[in-house]
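Okay, so here's the structure we're looking at.
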Amino acid sequence: MIWKLLRQHLSTLQLAGFFLANLVGMLIVLFALQFYRDVKPLFSQDDGLISGDYLILSKRISAIGMGSSTFSQRELDEIRSQPFTGSLGTFTASQYKVSCSMGIEGVANFGTQMYFESVPDPFVDADHSRWHYAEGDPIVPIILPRSYLAIYNFGFAQSRSLPKLSEGLVSMIDMTLVLRGEGKEERLRGRVVGFTNRLQTILVPQDFMEWSNRRFAPNADVSPTRLILKVGNPADQRIAQFVKSHGYDVDEDKLQAGKTTYFLRVASGVVMGVGLLISLLSFFILMLSIYLLVQKNTQKLQNLLLIGYSPARVSLPYQLLTIGVNLVVLLLALGLLWWLRGQYMQQLWAMFPTMHQGSMLGSILLGLVLFLLVSVLNVLAVRRKVMAIWQG
Amino acid sequence: MQEIRLSHTLPEVFAMHDDLQSEVWQQDVTFLRGKTYLLEASSGTGKSSLCSFIYGFRSDYQGIITFDGQNIRRLGVGDWTRLRQRHISLMFQELRLFPELTALENVLIKNRLTGFKNKKAILQWFDELGISDKVNSPLRLMSFGQQQRVAMMRSLVQPFDFLFVDEPISHLDDQNSRSMADIMMEEATRQGAAVVVTSIGKHMELHYDQILHL
Chain G
0 MIWKLLRQHL
10 STLQLAGFFL
20 ANLVGMLIVL
30 FALQFYRDVK
40 PLFSQDDGLI
50 SGDYLILSKR
60 ISAIGMGSST
70 FSQRELDEIR
80 SQPFTGSLGT
90 FTASQYKVSC
100 SMGIEGVANF
110 GTQMYFESVP
120 DPFVDADHSR
130 WHYAEGDPIV
140 PIILPRSYLA
150 IYNFGFAQSR
160 SLPKLSEGLV
170 SMIDMTLVLR
180 GEGKEERLRG
190 RVVGFTNRLQ
200 TILVPQDFME
210 WSNRRFAPNA
220 DVSPTRLILK
230 VGNPADQRIA
240 QFVKSHGYDV
250 DEDKLQAGKT
260 TYFLRVASGV
270 VMGVGLLISL
280 LSFFILMLSI
290 YLLVQKNTQK
300 LQNLLLIGYS
310 PARVSLPYQL
320 LTIGVNLVVL
330 LLALGLLWWL
340 RGQYMQQLWA
350 MFPTMHQGSM
360 LGSILLGLVL
370 FLLVSVLNVL
380 AVRRKVMAIW
390 QG
Chain A
0 MQEIRLSHTL
10 PEVFAMHDDL
20 QSEVWQQDVT
30 FLRGKTYLLE
40 ASSGTGKSSL
50 CSFIYGFRSD
60 YQGIITFDGQ
70 NIRRLGVGDW
80 TRLRQRHISL
90 MFQELRLFPE
100 LTALENVLIK
110 NRLTGFKNKK
120 AILQWFDELG
130 ISDKVNSPLR
140 LMSFGQQQRV
150 AMMRSLVQPF
160 DFLFVDEPIS
170 HLDDQNSRSM
180 ADIMMEEATR
190 QGAAVVVTSI
200 GKHMELHYDQ
210 ILHL
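Sequence order for the protein chains is G and A. FYI, the numbering for the first sequence is 0 to 391, going by numbering that gives the first Met the number 0. FYI, the numbering for the second sequence is 0 to 213, going by numbering that gives the first Met the number 0.
Shown next as structure tokens:
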């Protein structure tokens with residue numbers, strides 16, 4: 000009965016205007032966030048094994064190949080003492096000969112000379128039950144660069160009419176490793192446990208590297224040629240200056256990826272800003288129409304208050320109306336977002352088959368936060384308006 | 000609530016007048032629960048203002064008004080809502096009904112808040128007041144006299160200690176006035192409440208305990 004009174008002068012046109020504007024605003028905000036979150040991993044190269052916050056540092060190789068390419072202890076200490084350095088690890092290279100043959104079910108059909116490198120285990124985010132080697136273990140876990148697989152699949156296999164290999168399949172392939180040095184030879188089995196975009200090298204566990212170098216090349220110089228550096232902020236200006244002044248190299252693609260991510264962030268930020276602006280405008284449309292409605296129904300609201308209705312009770316229908324509209328907008332926006340995401344995710348999957356599924360959780364949370372924020376403001380505004388009527 | 004006391008109360012608009020002759024303004028007046036009062040006044044002497052002050056929707060007065068000793072200027076929103084639901088009822092001179100609703104709905108909208116009467120009792124009143132055929136008519140189609148009767152019923156569907164009726168019978172004939180007075184006094188007596196009737200001429204024939212000239 001109160002609703003029958005208070006819905007007088009309710010303009011469906013204004014309500015529809017708000018509804019559409021709010022829907023568009025909310026959808027743009029959520030879409031920008033969702034798209035950013037879905038696409039960002041493709042640029043940041045965070046592949047779950049080596050975190051994107053690591054920089055790989057090496058010495059610049061001069062044109063004539065002069066000068067030492069290894070880092071001395073003094074240089075290491077200097078880098079370690081820099082304010083931007085979180086933790087520092089060195090790459091250790093194998094100092095003996097490795098040959099590897101691959102085959103399925105024991106039939107070797109692919110052989111190559113190769114080398115290993117290792118970094119301290121804390122720099123590798125792999126499961127430690129798999130990323131681990133103790134002397135006498137028959138299987139050596141290996142992490143391969145993803146680009147090697149691409150070279151094989153799109154270069155080698157393509158030209159030789161060989162089958163293409165998926166990451167899952169490669170993990171099942173038997174690798175026979177033959178280690179030679181100091182007149183000793185040992186056969187071991189290798190098993191690929193993961194792929195990384197971050198390091199262009201064949202990684203083995205540190206424990207294996209120490210054991211094998213001790214066994215096959217006990218007298219070799221193991222000064223590191225490359226360093227892995229954990230930094231707080233890879234965009235820190237001091238890093239670039241330090242690297243330049245000492246003639247070091249930082250992996251370029253990391254910086255490129257950083258720039259792309261930066262532009263992606265800016266673009267998403269601008270789109271989100273536009274969405275927020277539209278949401279803000281739609282919020283004002285709603286507030287204006289509610290104010291207008293309350294204004295037109297002032298007499299009725301006042302009479303209800305005078306016959307004993309509390310301001311809270313009189314405000315409730317309008318508050319429920321705005322909350323209801325906001326809720327429908329939220330649900331519809333999430334529904335549309337889900338559909339839109341389905342559309343572009345198909346495209347992305349076609350381009351990047353290895354990308355992670357991701358989730359809409361962030362967008363749902365942001366949607367809920369926006370919904371709550373707008374609803375609370377609406378509720379307070381209606382309440383304020385009714386209290387103004389109470390006070391005459 | 001047992002008493003309403005006015006101490007040197009005066010509407011601010013009258014503050015300039017120094018020749019005021021009144022038995023209420025700038026006097027000490029007490030309304031007691033259970034008694035019946037008539038406030039007689041010519042128009043423009045502030046009787047509706049008095050109702051507004053006591054009902055808490057205007058406070059442009061000097062002096063002090065107390066309910067059982069408590070200054071009503073100190074009452075909050077919640078207090079007034081409670082008072083209007085359980086302790087004071089006012090039949091407004093301008094009625095303040097809802098033209099969009101039917102006659103019955105105008106009474107029910109208050110009764111729904113208090114749950115004080117059942118629908119049967121309300122329909123009985125419609126019958127006694129001679130508008131049983133208008134129960135479901137939109138209020139805006141009814142005459143002012145008929146609307147006055149609806150407003151009276153609305154003011155009675157709540158518990159109250161004091162009932163203020165502001166010119167209740169200005170548009171009623173004698174017989175309808177009597178019916179209205181009977182219903183009103185029956186309810187007030189049953190509740191042991193005070194009744195304060197205002198009038199600018201024609202007034203309800205009741206046994207008044209006190210007649211005051213504004």
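Positions of the beta carbon are idealized from the N, C-alpha and C atoms, including for glycine. As the structure is a prediction and not an experimental result, all values here were calculated from the model.
Below-7 Å beta-carbon distance, A:Q123 vs any chain G residue: no
Beta-ladder partner(s) of G:Y53, from DSSP: G:K229
Beta carbon proximity, A:Q84 to chain G, threshold 7 Å: yes
Neighbouring residues, chain G, relative to A:R111 (Cβ below 8 Å): M0
Residue burial classification, A:I53 (beta-carbon count within 10 angstroms, cutoff 16): buried
A:L252 burial status per 10 Å Cβ neighbour count (16 or more: buried): Outside the shown range of chain A, which is 0 to 213, sits residue 252 of chain A, and nothing can be said about it.
As assigned by DSSP and simplified to three states, the class of A:G77: helix
Exposure label - G:W337; buried when at least 16 CB within 10 Å: exposed
Spatial distance of G:Q157 from G:L275 (CA atoms): 49 Å
A:I108 at chain G interface by Cβ criterion, 7 Å: yes
Three-state secondary structure assigned by DSSP to G:P223: coil
Sheet register partners of G:F194 (DSSP bridge): G:L143
Own chain, CB closer than 8 Å to A:D165, minus 5 neighbours either side, in chain order: K46, S47, C50, L89, M90, F91, Q92 and T197
Residues of its chain near A:K109, where Cβ-Cβ distance is below 7 Å and the 5 sequence neighbours each way are ignored: R153, V156 and Q157
Burial state of G:F351 (16 or more Cβ within 10 Å): exposed
Reduced DSSP secondary structure (H/G/I, E/B, other) of A:L162: strand
Reduced DSSP category for G:G110 - H, G, I as helix; E, B as strand; rest coil: strand
Contact list for A:E104 against chain G, beta-carbon separation under 7 Å: M0
Neighbour flag for G:L22 against chain A, beta carbons, 7 Å: no
Chain A within 7 Å of G:S309, Cβ atoms only: yes
The segment 139 to 147 of chain G contacting the segment 112 to 131 of chain G, beta-carbon criterion three pairs below 8 Å: yes
The segment 301 to 313 of chain G in contact with the segment 381 to 389 of chain G per 3-pair CB rule at 8 Å: yes
Proximity test, Cβ basis, 7 Å: G:L279 and chain A: no
Neighbourhood of G:Q13 by C-beta, 6 Å cutoff - its chain only, sequence neighbours within 5 removed: S288
Contact check, A:N135 vs A:T80, beta carbons under 7 Å: no
Cβ of A:E99 within 7 Å of any chain G Cβ: yes
Distance, A:V149 Cα to A:S178 Cα: 13 Å
Cβ pair count under 8 Å reaching 3, the segment 286 to 300 of chain G against the segment 362 to 380 of chain G: yes
Any 3 or more C-beta pairs closer than 8 Å across the segment 312 to 330 of chain G and the segment 25 to 42 of chain A: no
Buried versus exposed call for A:H202 [16 or more other C-beta atoms within 10 Å across all chains shown]: buried
Near-chain G residues of the segment 44 to 67 of chain A (beta-carbon distance less than 8 Å), N- to C-terminal order: Y54, F56 and R57
Short CB-CB distance (under 7 Å) between A:R139 and chain G: no
A:M15 to A:D59 span [Cα, whole Å]: 14 Å
Validate contact between the segment 0 to 16 of chain A and the segment 360 to 377 of chain G using beta carbons, cut 8 Å, 3 pairs: no
Simplified DSSP assignment, three categories, for A:Y36: strand
Test: G:N325 CB closer than 7 Å to a CB of chain A: no
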